[in-house]
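Protein chains in written order, with this note's numbering: chain A, 8 to 136; chain B, 8 to 136. Here a beta-carbon is modelled for each residue, glycine too, at the ideal position from N, C-alpha and C. Read through the structure below, which is laid out as structure tokens, and then see the notes.
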């Protein structure tokens, strides 16, 4: 069905270049989705639990996100105990939402392919023996 | 809004553990989506174009996918010229579709968070001055 000529004009059709490496890494995707769901910010320990990450891993990924200016970290005190608050920035939110648009395209491409394949196997099952 | 007690019961809520590392890497996600959209298989060169990958990169990622038994590689001839055909396996298809279900969850979580935030900013705009 898919000859070389047909494919030649579709260079990079499935390249998904918008899958930004800073965001695509699983732990960081997890951190950013937690933070976008909590726009007022999350305490380090709550974020750690939501993402099921160790202290060290979460710190490392937060640093990458902070360097990319996607996350803000604020150290403060709660009842005299030190605490770290993490928030997504305006830039982080925008880049994350652009990234998710590309994820949606992957899901649509997969769903379209799966439906065609289901359709084909249904046709095979319904074919007279 | 999100106190520690509320979050405590949601350990790993945003961990997305189903984001299989073999599939999640961007180039491999690109290869697998191309192959699921072409269940009869693709020639190496067509796959390379669809994914916008170099020969070396495509070979390397195909090897990882072949070792994971998610992709089959067959060397053959077309008009006496050697060619390599790549296909997704039944296992590859199953694992890929499971992975895409998790991606869909990420997209749903992001969309829900974005709608809440849009709703809030709308409320702010509509508030009497």
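Residue of the options minimising C-alpha distance to residue i
| i | options | result |
| --- | --- | --- |
| residue 23 of chain A | B:19, B:21, B:31, B:24 | B:31 |
| residue 25 of chain A | A:86, A:60, A:56, A:103 | A:103 |
| residue 120 of chain B | A:51, A:29, A:43 | A:43 |
| residue 69 of chain B | B:34, B:45, B:87, B:118 | B:34 |
| residue 88 of chain B | B:63, B:67, B:20, B:50 | B:50 |
| residue 40 of chain A | A:112, A:81, A:72 | A:72 |
| residue 82 of chain B | B:76, B:99, B:90 | B:90 |
| residue 21 of chain B | B:130, B:124, B:111, B:127 | B:111 |
| residue 59 of chain A | B:127, B:65, B:18 | B:18 |
Residue i: first and last residue of the uninterrupted alpha helix (DSSP H) it sits in
| i | result |
| --- | --- |
| residue 40 of chain A | 33 to 43 |
| residue 85 of chain B | From DSSP, residue 85 of chain B is part of no alpha helix (DSSP H) but of the beta strand (DSSP E) over 78 to 85. |
Any chain A beta carbon closer than 7 angstroms to residue i
| i | result |
| --- | --- |
| residue 162 of chain B | Lying before the first or after the last residue shown, residue 162 of chain B is absent from chain B, which here runs from 8 to 136. |
| residue 26 of chain B | yes |
| residue 14 of chain B | Because residue 14 of chain B carries a pLDDT of 46, less than 50, the predicted location of this residue cannot be relied on, and no value is offered for it. |
| residue 78 of chain B | no |
| residue 57 of chain B | yes |
| residue 124 of chain B | yes |
CB contact below 7 angstroms: residue i versus chain B
| i | result |
| --- | --- |
| residue 18 of chain A | yes |
| residue 130 of chain A | no |
| residue 61 of chain A | no |
| residue 43 of chain A | yes |
| residue 96 of chain A | no |
| residue 72 of chain A | no |
| residue 22 of chain A | yes |
| residue 40 of chain A | yes |
Residue environment, residue i, which counts as buried when at least 16 other CB atoms sit within 10 Å
| i | result |
| --- | --- |
| residue 84 of chain B | exposed |
| residue 86 of chain A | exposed |
| residue 115 of chain A | exposed |
| residue 101 of chain B | exposed |
| residue 36 of chain B | buried |
| residue 76 of chain A | exposed |
| residue 54 of chain B | buried |
| residue 99 of chain B | buried |
| residue 117 of chain A | buried |
| residue 125 of chain B | exposed |
Terminal residues of the beta strand (DSSP E) in which residue i lies
| i | result |
| --- | --- |
| residue 94 of chain B | 88 to 95 |
* So, do the segment 103 to 116 of chain B and the segment 83 to 103 of chain A have three or more beta carbon pairs nearer to each other than 8 angstroms? -> no
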